[in-house]
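For reference, the structure discussed in these notes is given below.
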Amino acid sequence: MAHVIRIGTRGSLLATTQAATVRDALIAGGHSAELVTISTEGDRSMAPIASLGVGVFTTALREAMEAGLVDAAVHSYKDLPTAADPRFTVAAIPPRNDPRDAVVARDGLTLGELPVGSLVGTSSPRRAAQLRALGLGLEIRPLRGNLDTRLNKVSSGDLDAIVVARAGLARLGRLDDVTETLEPVQMLPAPAQGALAVECRAGDSRLVAVLAELDDADTRAAVTAERALLADLEAGCSAPVGAIAEVVESIDEDGRVFEERRARVRGGAGRVDPGAGIGSCGGRDWGSRSPRSCSSWAPGS
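Heads up: the sequence shown begins at 10 in the working numbering, then just goes up one per residue.
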């Protein structure tokens with residue numbers, strides 16, 4: 010009988026839906042797989058995420074892997090601590106969903122159409138900081154709970170609007186609720202937002218190879234760049250930092266095509282090394298208002 014890959018996941022509808030896409034992809038590739046639900050501190054507590062410390066959504070999943078209760082775990086990549094844990098490896102980063110943030114507001118309104126003093130809910134210090142920076146006179150309110158709970162805050166009239174990740178709404182089939190999708194120029198998303206990280210024990214070479222079948226190279230390049238900028242800022246996954254990166258083809262003065270990883274943090278923009286050191290910008294001051302950049306290129310094949 011073939012070994013069944015046990016995939017650890019948080020118990021929320023969004024988490025199990027995300028993990029199910031990984032399970033289904035493995036099954037489609039000829040592997041046996043099943044989901045195992047693990048309770049995490051972040052799910053049990055309604056305190057602000059920033060007050061709970063590092064790894065509130067991931068520690069329990071990693072402990073389950075280390076104990077042999079599960080073989081792999083599916084995380085929202087933006088929830089993973091910035092510092093790598095040598096016990097585990099991110100064996101696969103599947104194709105990314107839309108990384109942008111989305112507004113769900115009463116009466117189909119956009120952010121700019123909300124009256125001054127409107128109550129806008131968010132669980133994210135990053136979103137709260139950028140909402141205040143827009144200068145629209147909105148009142149920001151803390152927001153916890155699963156996605157349905159957050160959406161109900163608007164439909165019940167407790168809040169005038171919420172700002173959440175568009176990817177989560179898409180995965181649950183709730184895009185019809187979106188009243189505005191925020192472009193990065195309005196609100197930079199969290200590093201790795203919209204991406205999943207499929208993690209397993211670093212020493213399990215067989216499983217690493219199996220999970221690697223699900224890896225998307227462009228998504229890995231982009232989110233690695235974004236998280237490297239987060240590391241350069243010595244910021245955690247709940248810090249008020251935004252980043253967006255994309256892989257584009259460029260042509261140098263000799264007509265050679267090369268890949269360029271372009272990352273942007275706050276008001277700055279930079280190019281990121283496409284080699285092994287992707288994302289590292291030598292400790293440059295990404296927090297300043299003026300653009301900072303570092304770049305290198307490799308000729309296309």
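Note that CB positions come from ideal geometry on N, CA and C, so glycine has one too. Only a predicted model underlies this, so the values are computations on that prediction, with no experimental measurement involved.
Any C-beta of chain B under 8 Å from that of residue i
i: T67; result: The displayed structure is made up of one protein chain only, and chain B is not part of it.
Own chain, CB closer than 6 Å to residue i, minus 5 neighbours either side, in chain order
i: A114; result: A170 and T188
i: P104; result: D225 and T228
i: T131; result: A137, L152 and V172
i: S21; result: N155
Residues of its chain near residue i, where Cβ-Cβ distance is below 8 Å and the 5 sequence neighbours each way are ignored
i: A24; result: T18, V83 and S85
i: L216; result: I14, D80, A81, A100, C209 and R210
i: P95; result: A211
i: E75; result: R96 and R210
i: T26; result: R180 and L181
i: H12; result: S41
Per-residue burial, residue i [other beta carbons within 10 Å of its own, 16 or more giving buried]
i: R298; result: Its pLDDT being 30, under 50, R298 is placed unreliably by the model, and the measurement read from it follows with that caveat. So R298 counts as exposed.
i: V194; result: exposed
i: G251; result: buried
i: V125; result: exposed
i: R175; result: buried
i: T233; result: buried
i: L223; result: buried
i: A201; result: buried
Between the CA atoms of residue j and residue i - distance to the nearest angstrom
i: A199; j: G77; result: 31 Å
i: R180; j: G146; result: 31 Å
i: L118; j: S127; result: 11 Å
i: L89; j: L239; result: 12 Å
i: V173; j: T30; result: 21 Å
i: R109; j: D241; result: 22 Å
i: P151; j: R159; result: 11 Å
i: V257; j: D213; result: 33 Å
i: K162; j: V129; result: 10 Å
i: R71; j: D116; result: 42 Å
i: A93; j: E122; result: 42 Å
i: K87; j: D186; result: 23 Å
i: A218; j: V112; result: 39 Å
i: L205; j: I102; result: 6 Å
i: A231; j: A34; result: 22 Å
i: S164; j: R183; result: 14 Å
i: E255; j: I149; result: 30 Å
i: A73; j: G38; result: 25 Å
Closest by C-alpha distance to residue i, when choosing among the options
i: L191; options: A28, G146, D107 and F66; result: D107
i: E235; options: D167, G203 and A42; result: G203
i: G144; options: L120, G166, N161 and A34; result: L120
i: H40; options: V232, G251, V256 and L220; result: L220
i: F97; options: E122, V207 and D33; result: V207
i: R141; options: M196, E255 and M74; result: M196
i: T46; options: I36, A37, A254 and T67; result: T67
i: A237; options: G166, D167 and T91; result: T91
Contacts around residue i, its chain only, beta-carbon distance under 7 Å, and the 5 residues preceding and following it disregarded
i: P249; result: P134, R135 and A138
i: R53; result: With a pLDDT of 47 at R53, under the threshold of 50, the predicted position of this residue should be treated as unreliable, though the coordinate-derived value follows. Counting only Cβ-Cβ distances below 7 Å, and skipping sequence neighbours, we find nothing.
i: G177; result: L23 and L156
i: A28; result: I16, T18, L44 and V83
i: S48; result: G20 and A69
i: I36; result: A42
Residue i beta carbon near the ligand MN (any heavy atom closer than 7 Å)
i: A179; result: Among the components modelled here there is no ligand, and therefore nothing to report on the ligand MN.
Inside the region 175-201 only - beta strand (DSSP E) runs reaching at least 3 residues:
189-191
Which runs of the beta strand (DSSP E), 3 residues or longer, sit entirely within the region 68-117?
The region 68-117 contains these whole beta strand (DSSP E) runs: 81-85, 97-101 and 110-114.
May I have a chain-ordered list of the alpha helix (DSSP H) segments no shorter than 4 residues that lie completely inside the region 212-238?
214-220
Ignoring anything shorter than 3 residues, give me the beta strand (DSSP E) runs that lie fully in the region 26-53, in order along the chain.
41-46
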